[in-house]
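Worksheet for the structure shown next.
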Amino acid sequence: MVAEESKVENPASEQLAELVAEVAGCHKCPLAATRKKTVPGEGSPTAEIMFVGEGPGRDEDETGRPFVGRAGKFLDELIASLPMRREDVYIANIVKCRPPKNRDPERAEVDQCSDYLRQQIEIIDPLVIVPLGRHALGWFMPELRITQSNGKIFRNDNRVLMPLLHPSSGLRNPEHKRMLQEGIHNLKDAILEGIRLRNEIYERSRIPIEGQHEPTQNPLTADAEPETSEANSGSQSTVVEQAEAVALAETPPSDPTVNLFERPQTQDEIQAELKRQRAIEEAEEAAEDQAEKLVVDDRQASFF
Ligand code: URA
Ligand code: SF4
């Protein structure tokens with residue numbers, strides 16, 4: 004139903020086109036001087052899933068398209084395994100220009116550029132955002148560690164996030180590859196959670212107007228008939244449609260929780276859990292950083 008509405012009067016594609024044009028002429032930060040092409044992002048303006056990497060690598064800088072190198076091919080495989088098509092999702096990066104010599108973008112560059120990402124998220128309004136790798140995750144939820152968060156579902160700032168390891172990390176580390184291949188399948192649950200959240204936000208926004216006899220219809224249930232949801236669970240339906248069918252069939256939980264899979268109960272437990280995760284991740288990151296230093300001029304390897 005949302006898709007049909009957007010076809011009729013969907014300014015999202017125009018808004019995105021304007022943003023792409025703005026990025027193409029952007030000189031807000033020093034990365035403009037060394038880029039070949041800006042890499043604003045690409046995909047469906049009505050995507051329900053948005054993947055966010057750190058920044059363009061060599062292949063992306065040459066082509067102006069995100070995730071087209073080796074890591075991109077692996078990301079394509081992961082998306083196809085859902086099954087879903089790359090054209091159905093949106094793929095963006097935190098910074099839109101390649102940092103020279105594949106270095107990490109600097110704080111100031113991220114600060115300058117991230118407003119574009121913020122706008123993309125607003126325009127596309129996806130059900131789920133998938134930060135890829137620790138740098139992207141760090142922009143959304145700096146308190147989380149990537150290997151501990153891979154494939155888990157979080158609510159943050161009225162958005163559902165499901166972080167995944169960076170695909171390039173999966174190319175180098177068989178354990179990470181397995182974690183990515185497994186983790187991506189939790190997107191179905193994440194989409195379901197995205198639908199619940201959207202529904203809750205809608206319910207919260209409903210202000211009863213005195214004397215109004217016809218209640219506003221919840222957009223999730225408005226045009227859904229039992230046959231529709233049954234049809235949606237068939238093999239022809241998309242992952243999003245299947246999740247919508249499940250959402251319709253169940254009562255959404257009322258608890259707006261942080262980590263839905265492993266939910267610590269008290270503040271102390273949350274702090275202890277975060278501390279534990281941080282210690283594990285810091286050790287892993289140190290090992291990964293060491294491994295990274297061995298890789299010369301391989302952009303794919305520097306992102307995870
Ligand atoms: N790595 C990223 O983080 N983004 C890309 O677009 C390509 C590789
Ligand atoms: Fe502009 Fe972002 Fe490119 Fe910097 S990285 S020049 S802020 S588009």
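The numbering of the sequence shown is our numbering, which starts it at 4 and goes up by one. Even for Gly, the Cβ is constructed at its ideal location relative to N, Cα and C. Predicted model only: the values in this text are computed from it and were never measured.
Query, Result
"Residue-chain proximity (residue 246, chain C), Cβ-Cβ < 9 Å", "Looking at the structure shown, chain C is missing, and only one protein chain is on hand."
"Assigned secondary structure, residue 297 (DSSP; H/G/I helix, E/B strand, else coil)", "Low local confidence applies: a pLDDT of 42 at residue 297 is under 50, so the model's placement there is unreliable, with the coordinate-based value given in what follows. The answer is coil: DSSP assigns residue 297 none of H, G, I, E or B."
"Nonlocal neighbours in the same chain, by C-beta distance under 7 Å from residue 122, ignoring five residues either side", "22"
"Local conformation of residue 161 per DSSP, three classes", "coil"
"Neighbour-count burial assignment, residue 93, 16 or more Cβ in a 10 Å radius", "buried"
"Rounded Cβ spacing between residue 55 and residue 113 (contact assumed at less than 8 Å)", "No, residue 55 and residue 113 are not in contact; Cβ-Cβ is about 12 Å, not under 8 Å."
"Rounded distance between the beta-carbons of residue 154 and residue 165, thought under 8 Å", "7 Å"
"C-alpha gap between residue 27 and residue 44, whole angstroms", "11 Å"
"When 173, 84, 201 are compared against residue 136, the one with the closest alpha-carbon", "173"
"Residue 260 (DSSP reduced to helix, strand or coil)", "Low local confidence applies: a pLDDT of 41 at residue 260 is under 50, so the model's placement there is unreliable, with the coordinate-based value given in what follows. Of the three classes helix, strand and coil, the one that applies to residue 260 here is coil, per DSSP."
"Through-space distance from residue 111 to residue 17, alpha-carbon basis", "29 Å"
"Pair within 9 Å by beta-carbon distance, residue 84 and residue 179", "no"
"In chain order, each alpha helix (DSSP H) run of at least 4 residues that lies wholly inside the region 31 to 115", "34 to 37, 61 to 66, 73 to 83"
"Backbone CA spacing between residue 207 and residue 162 [nearest angstrom]", "15 Å"
"Of the residues 46, 67, 151, the one placed nearest residue 285, counting alpha carbons only", "151"
"Among 49, 75, 118, the one whose alpha carbon lies nearest that of residue 29", "118"
"Cβ-heavy atom distance, residue 72 to the ligand URA, below 8 Å", "yes"
"Closer than 8 Å: residue 155 CB and nearest the ligand SF4 heavy atom", "no"
"Per DSSP, cross-strand counterpart(s) of residue 131", "52, 163"
"Residue 109 CB to nearest heavy atom of the ligand URA below 8 Å", "no"
"Rounded distance between the beta-carbons of residue 53 and residue 323, thought under 8 Å", "Outside the displayed range of the chain (4 to 307) lies residue 323, so it cannot be described from this structure."
"Residue 66 CB to nearest heavy atom of the ligand SF4 below 8 Å", "no"
"Presumed contact (8 Å Cβ cut-off) between residue 75 and residue 42, rounded CB distance", "With 8 Å as the limit, residue 75 and residue 42 do not qualify as a contact, their Cβ atoms being about 11 Å apart."
"6 Å CB neighbourhood of residue 263 in its chain, flanking five on each side removed", "Interpretation of residue 263 is limited by its pLDDT of 43, a score under 50 that renders its predicted location unreliable; the figure taken from the coordinates is listed afterwards. Excluding sequence neighbours, residue 263 sits near 156."
"Same chain, Cβ closer than 8 Å to residue 33, five either side skipped, listed in chain order", "112"
"Residue 154 - DSSP class collapsed to helix/strand/coil", "coil"
"Span of the alpha helix (DSSP H) around residue 190", "190 to 208"
"Closer than 8 Å: residue 19 CB and nearest the ligand SF4 heavy atom", "no"
"Distance cut-off 8 Å: residue 30 Cβ against heavy atoms of the ligand SF4", "yes"
"Residue 28 - DSSP class collapsed to helix/strand/coil", "coil"
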